[in-house]
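As structure tokens, the structure follows; a few thoughts come after it.
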Amino acid sequence: MSDAKPRPRAMASTTEPATAGAGTGAPAPPPTVEVRVPPRSWRSEVRAVKIVWRRELIRFQKDRMRIVTSLVQPLLFLFVLGSGLQQLSAASTDGVDLKTFIYPGVLCISVMFTGMFSAASIVWDREFGFLREMMVAPVRRSSIVIGKVFGGATVASLQGLILLALAWAVHVPYSVGLVLGVFALQLLLAFSITAFGVMIAARITQIQSFMGVMQMIVTPMFFISGALFPSGDLPGWLAVLNRLDPVTYAVTPMRTLIFNNLNLSAEATHTLNPPITWFGWEVPIALQVFMVFALGMVMLGVAIAEFNAGD
Amino acid sequence: MAAISVTDLRKSFGDFEAVKGVSFEVGTGEVFGFLGPNGAGKTTTINMLCTLTKPTSGHAEVAGFDVVAARDDVRRHIGLVFQDPTLDGYLSAEQNLRLHAELYGVESKVVKPRMEQVLRMVGLWERRDSQVMTFSGGMRRRLEIARGLMHSPRVLFLDEPTIGLDPQTRASIWGYIRQLQQSEEITIFMTTHYMDEAEFCGRIAIMDGGEIVALDTPEALKEAVGADRIRIETADDERAIAELGERFGLEATVSEGAVSFAVADGEEFVPRLFAELQVPISSVNLSRPTLDDVFMSHTGSTIRDAEESSSKNRNRAVMQAMHAGGRR
Ligand SMILES: Nc1ncnc2c1ncn2[C@@H]1O[C@H](COP(=O)(O)OP(=O)(O)OP(=O)(O)O)[C@@H](O)[C@H]1O
Ligand SMILES: [Mg+2]
Chain U
10 MSDAKPRPRA MASTTEPATA GAGTGAPAPP PTVEVRVPPR SWRSEVRAVK
60 IVWRRELIRF QKDRMRIVTS LVQPLLFLFV LGSGLQQLSA ASTDGVDLKT
110 FIYPGVLCIS VMFTGMFSAA SIVWDREFGF LREMMVAPVR RSSIVIGKVF
160 GGATVASLQG LILLALAWAV HVPYSVGLVL GVFALQLLLA FSITAFGVMI
210 AARITQIQSF MGVMQMIVTP MFFISGALFP SGDLPGWLAV LNRLDPVTYA
260 VTPMRTLIFN NLNLSAEATH TLNPPITWFG WEVPIALQVF MVFALGMVML
310 GVAIAEFNAG D
Chain H
126 MAAISVTDLR KSFGDFEAVK GVSFEVGTGE VFGFLGPNGA GKTTTINMLC
176 TLTKPTSGHA EVAGFDVVAA RDDVRRHIGL VFQDPTLDGY LSAEQNLRLH
226 AELYGVESKV VKPRMEQVLR MVGLWERRDS QVMTFSGGMR RRLEIARGLM
276 HSPRVLFLDE PTIGLDPQTR ASIWGYIRQL QQSEEITIFM TTHYMDEAEF
326 CGRIAIMDGG EIVALDTPEA LKEAVGADRI RIETADDERA IAELGERFGL
376 EATVSEGAVS FAVADGEEFV PRLFAELQVP ISSVNLSRPT LDDVFMSHTG
426 STIRDAEESS SKNRNRAVMQ AMHAGGRR
């Protein structure tokens with residue numbers, strides 16, 4: 010087809026530079042650069058994913074304010090709530106500082122809320138028209154959505170890394186395994202939350218409603234998940250909700266990872282980080298991690314389908 | 126081969142038919158203008174041609190590809206400058222263009238030279254590292270045009286590229302368009318509702334209420350109107366209109382506060398007008414046909430009046446929608 014050939018019109022302007030800029034004294038236009046857009050291939054899709062992902066990072070880097078403001082909430086939870094409730098809980102935490110106990114939970118919320126903001130950027134993009142520029146490009150919509158979700162996840166887990174710097178303040182010793190493990194879990198959770206947000210953003214096109222809906226869903230999920238309390242002996246109704254809440258399966262592996270790094274008595278571990286059970290069956294940590302991942306993939310799939318359906 | 130060919134293209138939004146079956150062809154290298162008041166269906170037509178909206182029925186080919194069946198092929202061969210801005214204000218001009226080049230799969234080794242070429246053309250090469258947020262409206266528009274050209278499209282769609290720009294910027298945008306036509310054999314499809322701009326186009330389609338009411342070169346359109354246009358301000362417009370009808374058999378209308386009508390030989394008619402019209406005349410204005418008159422002769426109103434009434438309709442529609450929403 011004609012599209013594959015370079016076009017022969019190239020250097021037309023260089024042969025007659027006098028005519029172009031004559032009246033105005035403007036410089037002659039630079040020679041035309043030959044460009045051709047190749048047919049769609051997996052390479053062009055990868056390029057699209059990469060550039061959409063890069064854009065999220067560039068924007069994150071330019072938005073210092075967002076970095077600072079997103080730290081406020083986790084710091085409040087950790088130091089205000091943690092220190093404040095310490096007086097009440099000293100007896101029941103087997104000598105473990107409450108701040109240490111809620112630290113893994115706070116690592117999760119921080120990622121959840123920043124992931125939510127990352128997903129909101131797709132709503133902003135729609136509002137400012139930029140989404141359209143991406144949607145008319147000759148690439149699959151799925152590439153755009155995947156780039157967006159990966160970008161959002163990367164940004165959210167980068168922010169999570171800042172909180173990792175606080176580990177010493179809550180008496181968690183560093184190790185390579187800890188840092189890598191926490192980052193990996195944060196990336197996973199950020200991916201799932203961003204996929205969730207993008208899925209919602211396909212439907213809800215106004216930023217106010219989007220933030221409202223996300224708050225309405227994410228906040229209860231966070232509270233129910235046991236990020237702030239052990240999920241052992243909960244009242245029946247709460248135990249059921251707790252097991253249904255996907256965030257539970259992100260918080261528990263995170264807490265297990267952190268606790269494995271501490272020298273805790275078996276008793277303390279058992280009260281503070283009881284295993285998650287389904288009708289008495291202990292759910293393996295690996296399965297929990299996999300569930301978060303699988304759910305993220307499903308939501309990504311739905312998001313792609315939704316963006317493909319819209320015109 | 127025609128760059129764009131359209132047959133009986135239609136688009137409905139619910140019960141409302143925004144584009145009511147348009148057909149036309151645009152040749153390669155042509156500058157083709159779509160002219161019409163707000164709400165005429167220009168953007169809707171463009172959106173169908175550039176695959177953003179699926180036609181309800183009808184057929185359209187752009188650069189030789191069907192806009193429904195070969196959506197990606199169409200997209201690779203067109204450049205778009207939307208009516209509403211679509212730049213990322215947080216990125217620099219260069220980053221915006223680079224992003225575009227990556228999305229369109231432009232070969233990496235030509236990205237830089239091509240970027241320099243298009244940025245120099247629109248006079249933004251020196252500003253390439255500035256955040257787009259800091260650009261003025263005219264600079265953004267120019268950058269969008271540059272971006273639309275990054276991948277050397279065969280057809281460039283410009284939806285009201287000069288709206289809200291000062292005369293110099295408008296002139297320079299027209300400068301680029303002519304330059305492109307010469308150096309890249311690019312076909313340009315643009316919409317506007319500035320009558321004076323439409324004259325720069327090779328051919329014009331006048332659109333009103335979702336239909337093409339006339340399509341020809343600006344000269345031919347003006348010639349077809351033939352008559353001169355006379356506008357008079359009178360003490361009593363209604364009586365003047367009635368008298369013009371009775372005495373001279375002329376059909377006059379009131380628009381923009383003056384009675385206006387067309388006659389074959391304007392200069393000779395004016396003395397007769399003063400002698401015979403009973404209504405006092407306070408001012409008279411005689412003009413050769415312009416595209417405004419072309420528009421008027423095809424739609425019965427000036428483009429501005431058409432816009433006012435369409436915005437009234439729109440307001441009514443909004444009110445109705447709100448009522449309907451309230452009842453639900
Ligand atoms: N998504 C939509 N849903 C419902 N109605 C729409 C939609 N898009 C356009 N319309 C209607 O279709 C008609 C044509 O709109 P269009 O945007 O094509 O006009 P236009 O000629 O580009 O006007 P303007 O000069 O204001 O840009 C308008 O009455 C508009 O309200
Ligand atoms: Mg429009």
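Chains U and H supply the protein sequences, listed in that same order.
Note that our numbering has the first sequence beginning at 10, numbered continuously upward.
Note that our numbering has the second sequence beginning at 126, numbered continuously upward.
C-beta: ideal position from N, C-alpha, C; glycine also.
Computed from a predicted structure; not experimentally measured.
Between residue i and chain U, is the shortest Cβ-Cβ distance under 8 Å, so that the two count as touching?
i: H:D197; result: yes
i: H:L224; result: yes
i: H:E392; result: no
i: H:Q306; result: no
i: H:Q220; result: yes
i: H:G230; result: yes
i: H:L216; result: yes
i: H:F399; result: no
i: H:E227; result: yes
i: H:R200; result: yes
i: H:L73; result: Residue 73 of chain H is absent from the model: chain H starts at 126 and stops at 453.
i: H:C175; result: yes
i: H:L205; result: yes
Leaving aside the five residues before and after residue i along the sequence, list all residues of the same chain whose C-beta is less than 6 Å from its C-beta, in chain order.
i: U:G310; result: none
i: H:H276; result: Y229, V231
i: U:G114; result: A236, L237, V260
i: H:W299; result: F325
i: H:G146; result: D133, R135
i: U:S119; result: P83, G169, L172
Hey, quick one: how far does the alpha helix (DSSP H) through residue i stretch, first residue to last?
i: H:R196; result: 196-201
i: H:K179; result: Neither: H:K179 is in no alpha helix (DSSP H) and is coded neither H nor E.
i: U:G310; result: 294-318
i: H:D362; result: 362-368
i: H:D417; result: 416-424
Counting contacts by CB-CB distance shorter than 8 Å, is residue i in contact with chain H?
i: U:V77; result: no
i: U:P83; result: no
i: U:I131; result: no
i: U:K108; result: no
i: U:A181; result: Note that residue 181 of chain U is Val in the sequence shown, not Ala. False, the Cβ-Cβ gap to chain H never drops below 8 Å.
i: U:S135; result: In the sequence as presented, Ser is not what sits at residue 135 of chain U; that position holds Arg. So, not an interface residue.
i: U:I213; result: no
i: U:V207; result: no
i: U:Y68; result: Inspection of the sequence shows that residue 68 of chain U is occupied by Arg rather than by Tyr. Taking Cβ atoms only, chain H reaches closer than 8 Å to U:R68, which makes this a yes.
i: U:V154; result: no
Apply the 10 Å Cβ neighbour rule to residue i and answer buried if 16 or more other Cβ atoms are within range, or exposed otherwise.
i: U:P182; result: exposed
i: U:H180; result: exposed
i: H:G158; result: buried
i: H:T400; result: According to the sequence as given, residue 400 of chain H is Ala; it is not Thr. Looking at its Cβ environment, which holds fewer than 16 other Cβ atoms inside 10 Å, H:A400 is exposed.
i: U:F299; result: exposed
i: U:L281; result: buried
Hey, residue i and residue j are a contact pair by Cβ (cut 8 Å); roughly how many whole angstroms apart?
i: H:G230; j: U:S53; result: 4 Å
i: U:T123; j: U:S79; result: 5 Å
i: U:V222; j: U:I213; result: 6 Å
i: U:R141; j: H:F207; result: 6 Å
i: H:L212; j: H:L249; result: The pair is not a contact, with the Cβ atoms about 12 Å apart (cut-off 8 Å).
i: H:Q160; j: H:I329; result: Reading off the sequence, residue 160 of chain H comes out as Leu, not Gln. Indeed they touch by this definition, with Cβ atoms about 5 Å apart.
i: H:P278; j: H:I171; result: Between H:I171 and H:P278 the Cβ distance is about 14 Å, and since that is not below 8 Å, they are no contact.
For residue i, collect the residues of the same chain with a Cβ closer than 8 Å to its Cβ; drop the 5 residues on either side in sequence, then sort them by chain order.
i: H:R200; result: C175, T176
i: U:V188; result: L173
i: H:A78; result: Absent from the model: residue 78 of chain H. The displayed extent of chain H is 126 to 453, so no value can be given.
i: H:D291; result: G263
i: U:F69; result: R75, I76, V164, L167
Would you give the residue range spanned by the beta strand (DSSP E) that residue i belongs to?
i: H:D411; result: The sequence as given places Leu at residue 411 of chain H; Asp does not occur at that position. Looking at the DSSP string, the run of the beta strand (DSSP E) that includes H:L411 is 406-412.
i: H:T317; result: 312-317
i: H:I270; result: No beta strand (DSSP E) contains H:I270, which is instead part of the alpha helix (DSSP H) from 262-274.
i: H:V144; result: 141-152
i: U:S184; result: Segment: none, U:S184 is in no beta strand (DSSP E) and carries neither H nor E.
i: H:R135; result: 127-138
i: H:F386; result: 383-388
For residue i, go through chain A and note every residue whose CB falls closer than 7 Å to its CB, in chain order.
i: H:T211; result: This model lacks chain A altogether, as its protein chains are U and H.
Can residue i be considered in contact with ligand 4, in the sense that its beta carbon sits closer than 7 Å to one or more heavy atoms?
i: H:K167; result: This structure lacks ligand 4; the ligands present are ligand 1 and ligand 2.
Leaving out five residues before and five after residue i in sequence, what residues of the same chain have Cβ atoms less than 7 Å from its Cβ?
i: U:L116; result: G169, L172, V191, Q195, M263
i: H:T181; result: R135, K136, S137
i: H:V388; result: A352, D353, I355, L375, F394
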